[in-house]
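Inspection log for the structure reproduced underneath, given as C-alpha cells.
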Amino acid sequence: MTTTIAYGAQSATSPLAPLTIERRAPGELDVSIDILYCGVCHSDLHTARGEWGGTQFPSVPGHEIVGRVTATGALVSRFQVGDLVGVGCMVDSCQHCQPCADGLEQYCDNGFTGTYNGPEQGTGANTFGGYSAQIVVRENFVLKITHGTESLAA
Numbered sequence: 083m084t085t086t087i088a089y090g091a092q093s094a095t096s097p098l099a100p101l102t103i104e105r106r107a108p109g110e111l112d113v114s115i116d117i118l119y120c121g122v123c124h125s126d127l128h129t130a131r132g133e134w135g136g137t138q139f140p141s142v143p144g145h146e147i148v149g150r151v152t153a154t155g156a157l158v159s160r161f162q163v164g165d166l167v168g169v170g171c172m173v174d175s176c177q178h179c180q181p182c183a184d185g186l187e188q189y190c191d192n193g194f195t196g197t198y199n200g201p202e203q204g205t206g207a208n209t210f211g212g213y214s215a216q217i218v219v220r221e222n223f224v225l226k227i228t229h230g231t232e233s234l235a236a
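Counted from 1, the sequence shown has number 233 at position 151 by the numbering used here; the numbering is strictly sequential.
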C-alpha cells in the first residue's frame, strides 16, 4: 500500500477537502501513475453528493486522468516509466468472462471496476479517482498519449 494525498468528500453534505488515501501496490499487470491533470465532470459531483445512490465515503471522484507512468508490473508490456498516459472511467474488470475476452469490459459479467466508487477486483475495496496525486490501474485500461504536452491542461 502507498499513501497519497487526494481531494474527496467525507459525506454527501461535506465539501471536497484534502484527505489521505491508500493505493494498492501495483500487481504484475498494473501501471502506477503520477497524476498531472484530471478533468472535472458533473458525474463527479453527482457521486460526491450521493445523488445516484450507493456512494461509499470517503469518495474521491475524477475519471478523466492524465499522468506519467512511475512503475509497471512485471508482466506489463505496453508501457514504461516516463510514458504519458490517460485513464478513463474504468480501471479493471474480471478479464475472464466472454465480454472481457471480446474486449467489451464495460459489459463484464462480473462487473467492471469504476475509476472511483467501485469495488476493486479481488478485494472489494472502494476505488478512489483522479482527484489525487497517484493511481494504480490495470494495463488494459490505460491509454498512451503520444502527442505533445502543450495542450494537456486545456
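A virtual CB, placed ideally from N, CA and C, is assigned to each residue, including glycine.
Keep in mind that this is a model prediction, so the values were computed, not measured.
Should residue i go down as buried or exposed, given a rule of 16 or more other Cβ atoms within 10 Å for buried?
i    : result
S141 : buried
G193 : exposed
E264 : One cannot answer for residue 264 here, as it falls past the ends of the chain, which runs 83 to 236.
H124 : exposed
S159 : exposed
G90  : buried
I147 : buried
M172 : buried
T154 : buried
CB-CB under 8 Å to residue i, same chain, minus the five flanking residues each way: which ones, in chain order?
i    : result
Y189 : P181
T205 : R106
T129 : T137, S141, P143, Y198, N199
T102 : T85, T86, I87, A88
P100 : I87, A88, Y89
What residue range is occupied by the uninterrupted beta strand (DSSP E) comprising residue i?
i    : result
D116 : 112 to 120
Q216 : 216 to 220
P100 : 99 to 105
A88  : 84 to 90
D174 : 172 to 174
L186 : Unbroken run through L186: none, as it is neither H nor E.
On the premise that residue j lies in contact with residue i, defined as a C-beta separation below 8 Å, what is that separation, rounded to the nearest angstrom?
i    : j    : result
Q177 : S114 : Not quite, the Cβ-Cβ distance comes to about 19 Å (not below 8 Å), so this is no contact.
T197 : G212 : 7 Å
R106 : V218 : 6 Å
D174 : R150 : Wrong, their Cβ atoms sit about 20 Å apart, outside the cutoff.
So, for residue i: in the same chain, excluding its five sequence neighbours on each side, which residues have a beta-carbon less than 7 Å away from its beta-carbon?
i    : result
V224 : V113, F161, V167, V169
G132 : A94
W134 : H128
A156 : E110
G164 : R150, V151
Tell me which residues share the same chain as residue i and place their Cβ nearer than 6 Å to its Cβ, disregarding the 5 neighbours each side in the sequence.
i    : result
N208 : Q138
E187 : S175, F194
Q203 : D174, T195
Could you pull the start and end residues of the alpha helix (DSSP H) that residue i belongs to?
i    : result
L127 : 124 to 130
Given the structure, does residue i come close to the ligand SAM, in the sense that its CB is under 7 Å from one of the ligand's heavy atoms?
i    : result
G212 : You won't find the ligand SAM in this model; it holds no ligand whatsoever.
Beta strand (DSSP E) runs wholly inside the stretch 132 to 167, at least 3 long, in chain order: 147 to 154
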